Amino acid sequence: MPKKVKWLEEPIPENYPKAGDYLRLLVNEHAVEATTLALEAAPITFHKAKDILRAAGLQLLTAENPHVARYLKLIREGGRLAPILLVRGNLPSAVPLHIADGYHRVCATYLTNENTDIPVQLADLTL
C-alpha cells in the first residue's frame, strides 16, 4: 500500500449537503445553513489524521468497515480523496471536534499513515 494519500484540491460539492445532513442531527436548520456556508467559505488547511481522530474523540474504524475498505482500495489504486469538512469543537466546554463529512476517509488515511496531513475545511458552529 502506498504511504502517500492523494487529495483533490477542493471538496466535492455534494459533500456540503452530506455535512448538513449530519449537522441536522445536532442543531437546528438555521445553524445547519449558517455552518454549511461557513464550511464552504473556509480555506483549506492541513491537519494530521491522528490529531483529527483524537480531537473528535472518535474510534478508528478498521479496514473491515466496507466504507473504509472502499477508500483504502482507492488509495492503493492512486485515486484522490476529497478534503474533510470539520466543525470546530470547544475545549473549555468539552465539546469535541465534529467530522461533518469524511470520517471514513480520515480512518482510511490513518490506516495508511497516521501522520498524513489531511486537507480540511474547518469552520466554527454558527448558531
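Numbering of the sequence shown is given in the working numbering, commencing with residue 1110 and proceeding in unit increments.
C-beta atoms are modelled at their ideal positions from N, C-alpha and C, and glycine is treated no differently.
Computed from a prediction, not measured in an experiment: that's the story for all the values here.
Pairwise C-alpha distance: residue j and residue i
i, j, result
"LEU1167", "GLY1211", "12 angstroms"
"LEU1170", "HIS1213", "7 angstroms"
"ARG1189", "LEU1220", "16 angstroms"
"GLY1198", "GLN1230", "14 angstroms"
Three-way DSSP call (helix, strand, coil) for residue i in this model
i, result
"ARG1189", "strand"
"ALA1140", "helix"
"ALA1232", "strand"
"THR1154", "strand"
"ILE1184", "helix"
"LYS1113", "coil"
Identity of the residues DSSP links to residue i by a beta bridge
i, result
"ILE1208", "LEU1195"
"ASP1160", "DSSP, once it has assigned bridges, lists no residue as partnering ASP1160."
Worksheet item: Do the region 1145–1152 and the region 1173–1189 touch if we need at least three Cβ pairs shorter than 8 angstroms?
Response: no
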